[in-house]
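Since the structure comes first, as structure tokens, the remarks are kept for the end.
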């Protein structure tokens, strides 16, 4: 049996390992927290720091293949492992581009991949030279995640909120909608694409409300998005699973927001809604099997279960029973012991032929279900 | 989090644990072989003997709920655990009836559940008193599994092949087809039923060829089968998952062959083909959540991957790549290190609106895929 490792033991690792059990593969996970969602679902768990060269190298050197759950891993160790013959998904070269927001944006510009206008800033002072880009978003080059390391700068008075460190200042896009495309790339550079996903935001809360697959897009916008995603993925030149998040602006221009070189939240519906899920697909790639079928069996929606504001502590899933009574929903609780405000604690997938049914249930689930701390 | 244990660590445990990772539950497995298919997918693995009172009792006493993967477990320990407040699925009382073929047949007779004519035999000599039942099938009362402990006795010359131990002699049924019904029973005795499954046999090899869900049955036969299964399950009076295997004879009589008080091979298609799989459903029951939806999303077929005759040793999956190229199939390899003749090594599920597509691919998979020993 091939030996395959995952750096990081959160929900992505958990769902990867659920899918791994369909294949002959010996699984390894490394993560600091021995109680993390994926720790008990692998053959071999290693307590370690995924940002440490030594930990990643020692973990990886006996493996046939290794993948990541999060971008903030030790790149140099992965480069050394690759040089020594371990297959790394994504390649360290692709990860190097993506894990740094400056390099990622420069990569888009170099390859003429449409993306929002931007400048690179090295400290707060330089922001004053780029007032013409405002309103803009300031993004730290490294270490941002789940909204951290991102600051909206609407006008010059907000400049002090920016980062006094290497960062990208991106002109705000007049967004009509946000979409995500998940792509699978085999070891022989064959590409398969999942149907685009609508990431629907709650304007009032400025939070992701739910996701819909396939996205509702005019044919021409869909073609544009697919062409851009394929161009991007070909330029990245790495096997693995990739999520390309894009903005569609008011003029139906498609602009790449950012790329994740790994399984992604916007692809979770694929577990039940697609023939080969993004998790199944990554194992096919890592085990060098043929790519699977990315078609939807049925249209789907996802609602993320996020830790409630003002709640920290052992998690309680209010409304879970009501949701489990619905006849076409699939609940995924990630098994995190503690909830925190904004923490991803689970998701619910709905599948249905009827778009109205998807939207009705997505809204109902959002109203019914809450992840709170034990009182 | 509730603590739930499984006695046995084979493929049923493996698939149960894949499903468990959608819920907040702490999982425990006990099995002799620390390399078994389920050992690495639980929070806590205990090396132990599921037939030993002491091992089962010690394993179970700290749990909230416990279930079984196989009938041959220590019943007395489960009875003690139940008396001490551990929830046991199925109840020890139901398991006691089912795990002994004599008690099982007497239970059917007592509850007027249609089943083949039979007598109880305590040794080989008594067989001669029941020649009128021949051709018949002789079944050991305890310990039979996967065809072991079962002997066809066509005429009196075959009597010496029978069992010189407590057994059941069952008159052979003139079988038109074999079907299986999977039922879920909640803690409050609510019952949900999956669509009947056709167990299609290869007459030439006398082996299960493939399974089809929903089964092709005249409406009246389906109603009869469902009524019998519900009567049986109500009489068993236990929460859990149950598979009722039935014969349909040439006159469209429906006769119960046997019942399994657990997740069952004939329900594996439910993972991809149903909204709530049999594995998902057992967790809902054990965690006291509402029952799920047993409807098929699409019709399905299953092909079992069985160790080839004359092959023992480290398993090789010939034809796996070809099967993985098919666009609506799902491969499940159970991760058993060694193949043996007749050993269940995996299964492949096909889902499709078109029955012809199901049958065509089932036959293709049977031709393409073989589980052999490393040369």
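Residue numbers (our numbering), protein chains in the order written: chain A, 205 to 579; chain B, 205 to 579.
From the three backbone atoms N, C-alpha and C, an ideal C-beta is built for every residue, glycine too.
Given the structure is predicted, the values throughout are model-derived calculations rather than measurements.
Can you list the residues of chain B that residue i reaches, using a CB-CB cut of under 7 Å?
i	result
residue 388/A	In chain order: nothing, as chain B lies at least about 13 Å away.
residue 525/A	493, 494
In the DSSP assignment, the beta strand (DSSP E) including residue i goes from what residue to what residue?
i	result
residue 413/B	411-417
residue 474/B	From DSSP, residue 474/B is part of no beta strand (DSSP E) but of the alpha helix (DSSP H) over 474-477.
residue 444/B	444-453
residue 398/A	Premise fails: residue 398/A is in no beta strand (DSSP E) and is neither H nor E.
residue 206/B	206-211
residue 230/A	229-235
residue 324/B	322-325
residue 537/A	533-537
residue 272/B	269-272
residue 493/A	Note, residue 493/A: premise wrong, no beta strand (DSSP E); not H, not E.
residue 354/B	354-357
residue 292/A	291-293
Quick one: grab the DSSP three-state call for residue i.
i	result
residue 518/A	strand
residue 367/A	coil
residue 386/A	strand
residue 550/B	strand
residue 338/B	coil
residue 462/A	strand
residue 498/A	coil
residue 283/B	helix
residue 508/B	strand
residue 468/A	coil
residue 580/A	The question about residue 580/A has no answer here: the residues shown for chain A are numbered 205 through 579.
residue 165/B	Past the boundaries of the shown model lies residue 165/B; chain B is included only from 205 to 579, so the question cannot be answered.
residue 151/A	Any answer about residue 151/A is impossible in this case: the structure gives chain A only from 205 up to 579.
Go to residue i, then tell me how far its alpha helix (DSSP H) extends in each direction, as first and last residue.
i	result
residue 258/A	257-264
residue 484/B	482-490
residue 314/B	305-314
residue 219/B	215-224
residue 564/B	559-572
residue 529/B	524-529
residue 425/A	423-440
Please list, in chain order, the chain A residues whose beta carbon lies closer than 7 Å to that of residue i.
i	result
residue 529/B	494
residue 479/B	531, 532
Alpha carbon to alpha carbon, how far is residue j from residue i? Give it in angstroms, no decimals.
i	j	result
residue 327/A	residue 370/A	6 Å
residue 464/A	residue 454/A	25 Å
residue 412/A	residue 506/A	10 Å
residue 389/A	residue 264/A	22 Å
residue 592/A	residue 344/A	A query on residue 592/A cannot be resolved here, the shown segment of chain A reaching from 205 to 579 and no further.
residue 517/A	residue 547/A	11 Å
residue 397/A	residue 395/B	41 Å
residue 391/A	residue 437/A	13 Å
residue 606/B	residue 318/A	What is shown of chain B runs 205 to 579, which leaves residue 606/B out entirely.
residue 383/A	residue 223/A	25 Å
residue 447/B	residue 385/B	6 Å
residue 322/B	residue 329/B	16 Å
residue 393/B	residue 443/B	7 Å
residue 514/B	residue 334/B	37 Å
residue 301/A	residue 428/A	23 Å
residue 297/A	residue 286/A	10 Å
residue 433/B	residue 277/A	55 Å
residue 342/A	residue 354/A	6 Å
residue 372/A	residue 445/A	25 Å
residue 462/A	residue 486/B	41 Å
Can you pull the chain A neighbours of residue i, defined as C-beta to C-beta under 8 Å?
i	result
residue 497/B	531, 532
residue 245/B	221, 225, 244, 245
residue 502/B	501
For residue i, which residues in chain B fall below 8 Å Cβ to Cβ?
i	result
residue 584/A	For residue 584/A there is no data in the structure shown, the boundaries of chain A being 205 and 579.
Under 7 Å: does the beta carbon of residue i sit that close to some heavy atom of the ligand HEM?
i	result
residue 502/B	In the structure on display, the ligand HEM does not appear, and there are no ligands present to speak of.
For the segment 213-238 of chain A, which residues have a CB atom closer than 7 Å to at least one CB atom of chain B, in sequence order?
218, 222, 225, 226, 227, 228
Selection of the segment 505-523 of chain B by Cβ proximity to chain A, strictly under 8 Å:
519, 521
Proximal residues, the segment 533-546 of chain B versus chain A, C-beta separation under 7 Å:
535, 536, 537, 539
Using a Cβ-Cβ cutoff of 8 Å, what residues of the segment 370-384 of chain A are near chain B? List them in chain order.
none
When Cβ atoms are compared, which residues of the segment 455-483 of chain A fall closer than 7 Å to chain B?
479
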